[in-house]
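Residue numbers (the working numbering), protein chains in the order written: chain F, 75 to 199; chain E, 4 to 496. Every residue gets a Cβ at the ideal spot worked out from N, C-alpha and C, and that includes glycine. One structure below.
Quick look at the structure:
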């Protein structure tokens, strides 16, 4: 399913087919049990790499960095009542928001699944 | 090492649940004067407030029982990194309780409070001597309030130079205290994170790209949160000054350099002290603290008002006529009793004694570091001063046991856990600061307990993962508590 996803070094994923953004299972493993998610507003314009919200867990608060530039078109409202979706299903039900990308040229700057897996293995060491 | 058991530990319900309708702490005789109901109806309660109703002895027993659940520095080792939980000599308390001090009113005439003002005057001088700064304000009520004050002073100085529009950047190393970026934002500056070098030091090279006309300041915690002394700070300060910026030092870890290094000598322009940490005030319950801020000569005009001066007749007075001052940062004079304890601590140790405190704090931490690094993973090899940071990386891989589990298991041995999961640059951080007040025997006992827990992690990991077992309450479900918050007691009618 996440075969076509592309990834950032700060562990966000972006799905070019649905324009959904989320964070990876690797990141969630380190963040721990999520208790609160703060998301951007709809219609907000965000640049690639800028902060697009925060994820608070029992251990820490982590920033979400926008993987591509664009306009927020939808946020996952289910996360407000069920932040655990991020732990249970980070690549699917735990998506964070949908973004209308303003520059598809940015996609190539992100990692594909193989590159990302390799990146994570190096981070672990 | 053996686990501890407390013979008197018992389950205790909430005080609201123990309440019995109509029960009272005092029985007052009937009033001899007629009752006056003068308040308008709209201001009167229609229902009794839901306060617990108990007798005096029930209240006393309730809180005494709860106090048996506590851990405190008087009970055992408390190696909470970055917090400097040293033992607070009881003489501090005795003197802070002197009636002449406790019954003063802060609005009393200055002629009546000469002694109290003199005490602050002397404390300021002592802190100046220890830090090399020309003046110190005693007002800020804690570290973060001190950070805010120091940065406000920097901002005012930049403003006076007419550079406020441009100079917005404050550089903060990733090994700084977590409150630093917040204080920066609160002052309208923009924090820029600087990565520390591979050995845990802040490097001049990583600062260089930011040395421009937008630079307001650098904010350095020294020693940093890894316990490492920032050996490059002197040359970094020079470079920052040359670019027109200021150097703020977070002095929370002053216990590692007190009496040995004067921050002003290494180019620091302003710094806060945490009196409650370094100069001994009980602070486990979250305060009150005191975060005096020292400044170099050039920043003096911007200090908060009032400052304490001495006139030619030898009288102390509060100077409020300082047109460039940033104003007040705390009502009246700050947390006065903390100032009293700090001065007592400074005077009873003397300058040599304070340097000795520092050396012993460093020796204790290095001893723990040397012994614990044989059983725990230590991510930075650089030698440290007053604290040591370990990681659970290997332990977690081999046994599944995490820093949190080890910390919880420590409770079963009557030891307060160290700081965990901070600093963030170390995965599963376990940050130990023993302070100078622990004896060799206490340190050895701590190492033995940690060793035992690490062997348990290998032989019986579940025992560690489900700890604590001997405390009033066991492992709490923090996730459940955070997701389904119950923030106050509600009467179930």
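For residue 321 of chain E, three-class secondary structure by DSSP: In the structure shown, residue 321 of chain E sits in a strand (DSSP, three-state: E or B).
Assigned secondary structure, residue 433 of chain E (DSSP; H/G/I helix, E/B strand, else coil): Here residue 433 of chain E sits in strand by DSSP.
Residue 190 of chain E versus residue 215 of chain E - alpha carbon distance: Taking the straight line joining both Cα atoms gives about 20 Å.
Beta-ladder partner(s) of residue 123 of chain F, from DSSP: In the DSSP assignment, residue 123 of chain F is bridged to no other residue.
Chain-order list of residues whose beta-carbon lies under 6 Å from that of residue 148 of chain E (same chain, five-residue window excluded): Contacts found: 294.
As assigned by DSSP and simplified to three states, the class of residue 313 of chain E: If DSSP states are grouped into helix, strand and coil, residue 313 of chain E belongs with the strands.
Residue 452 of chain E classed as buried or exposed, judged by whether at least 16 other C-beta atoms fall within 10 angstroms: Its Cβ being crowded by 16 or more others within 10 Å, residue 452 of chain E is buried.
Chain F residues whose Cβ lies nearer than 7 Å to that of residue 481 of chain E: At a C-beta separation below 7 Å, residue 481 of chain E has these neighbours in chain F: 132.
Sufficient close CB pairs (3 or more, under 8 Å) joining the region 361-374 of chain E to the region 437-447 of chain E: The answer is yes - the region 437-447 of chain E touches the region 361-374 of chain E, with three or more Cβ pairs under 8 Å.
Segment contact, 8 Å Cβ cut-off, at least three pairs: the region 290-310 of chain E with the region 139-147 of chain E: Yes, they touch.
Cβ-Cβ distance between residue 218 of chain E and residue 247 of chain E below 8 Å: Against a cut-off of 8 Å, the Cβ pair of residue 247 of chain E and residue 218 of chain E comes out as a contact.
Alpha helix (DSSP H) runs contained entirely in the region 146-183 of chain E, provided each spans 4 or more residues: Counting only runs of at least 4 residues, the region 146-183 of chain E fully encloses the following alpha helix (DSSP H) elements, listed from N- to C-terminal order: 146-163.
Partner residues on chain F for residue 424 of chain E, Cβ-Cβ distance less than 7 Å: Result: 133 and 134.
Beta strand (DSSP E) segment containing residue 152 of chain F, residue limits: According to the DSSP assignment, residue 152 of chain F belongs to no beta strand (DSSP E) but to the alpha helix (DSSP H) extending over 152-155.
Short CB-CB distance (under 8 Å) between residue 372 of chain E and chain F: Answer no: the Cβ-Cβ gap between residue 372 of chain E and chain F never drops below 8 Å.
Cβ-Cβ separation, residue 459 of chain E to residue 466 of chain E (assumed contact under 8 Å), whole Å: Correct: roughly 5 Å between the Cβ atoms.
Assumed close pair residue 203 of chain E, residue 236 of chain E - CB separation to whole angstroms, cut-off 8 Å: Not really, about 13 Å apart at Cβ, beyond 8 Å.
Extent of the continuous beta strand (DSSP E) run through residue 136 of chain F: First-last of the beta strand (DSSP E) with residue 136 of chain F: 135-139.
Own chain, CB closer than 6 Å to residue 349 of chain E, minus 5 neighbours either side, in chain order: Within the same chain, residue 349 of chain E has close Cβ partners 129.
Enclosing alpha helix (DSSP H) for residue 1 of chain E [first to last residue]: No answer is possible for residue 1 of chain E: it lies beyond the span of chain E, which begins at 4 and ends at 496.
Interface flag, residue 413 of chain E vs chain F, CB-CB below 8 Å: For residue 413 of chain E, the answer is no, since every Cβ of chain F falls outside 8 Å of its Cβ.
Residue from E:281, E:205, E:318 and E:472 whose Cα sits closest to the Cα of residue 342 of chain E: Closest by alpha carbon: E:281.
Proximal chain F residues relative to residue 427 of chain E, where beta-carbon distance stays under 8 Å: Simply 134.
Beta carbon proximity, residue 486 of chain E to chain F, threshold 8 Å: It does: the Cβ of residue 486 of chain E has a partner Cβ on chain F nearer than 8 Å.
Terminal residues of the beta strand (DSSP E) in which residue 183 of chain F lies: First-last for residue 183 of chain F: undefined, no H or E at that position.
Stretch-stretch touch, CB-based, cutoff 8 Å, three pairs: the region 102-122 of chain F with the region 23-30 of chain E: Below 8 Å, too few C-beta pairs join the region 102-122 of chain F and the region 23-30 of chain E to call them touching: fewer than three.
Proximity test, Cβ basis, 8 Å: residue 157 of chain F and chain E: Interface residue, yes.
Within-8 Å CB hit, residue 124 of chain F to chain B: Of the protein chains in the structure, F and E, none is chain B.
Status (buried if at least 16 other CB within 10 Å, exposed otherwise) for residue 158 of chain E: The residue is buried, with at least 16 neighbouring Cβ atoms inside 10 Å.
Presumed contact (8 Å Cβ cut-off) between residue 57 of chain E and residue 15 of chain E, rounded CB distance: That pair is no contact at about 13 Å.
Start-end ranges of the alpha helix (DSSP H) lying completely within the region 329-397 of chain E, minimum 4 residues: Scanning the region 329-397 of chain E for uninterrupted alpha helix (DSSP H) segments of 4 residues or longer gives 339-375, listed from N- to C-terminal end.
Residue span of the alpha helix (DSSP H) that contains residue 60 of chain E, given as start and end: That run of the alpha helix (DSSP H) goes 59-70.
Buried or exposed (CB count within 10 angstroms, at least 16 for buried), residue 172 of chain E: The residue in question, residue 172 of chain E, is buried, as its Cβ has 16 or more Cβ neighbours within 10 Å.
Distance, residue 397 of chain E Cα to residue 109 of chain F Cα: Take the alpha-carbon of residue 109 of chain F and the one of residue 397 of chain E: they are about 27 Å apart.
Helix, strand or coil at residue 29 of chain E according to DSSP, with G and I counted as helix: Note: residue 29 of chain E maps to coil in three-state DSSP.
Every unbroken alpha helix (DSSP H) inside the region 193-221 of chain E [4 residues or more]: The region 193-221 of chain E contains these whole alpha helix (DSSP H) runs: 207-210.
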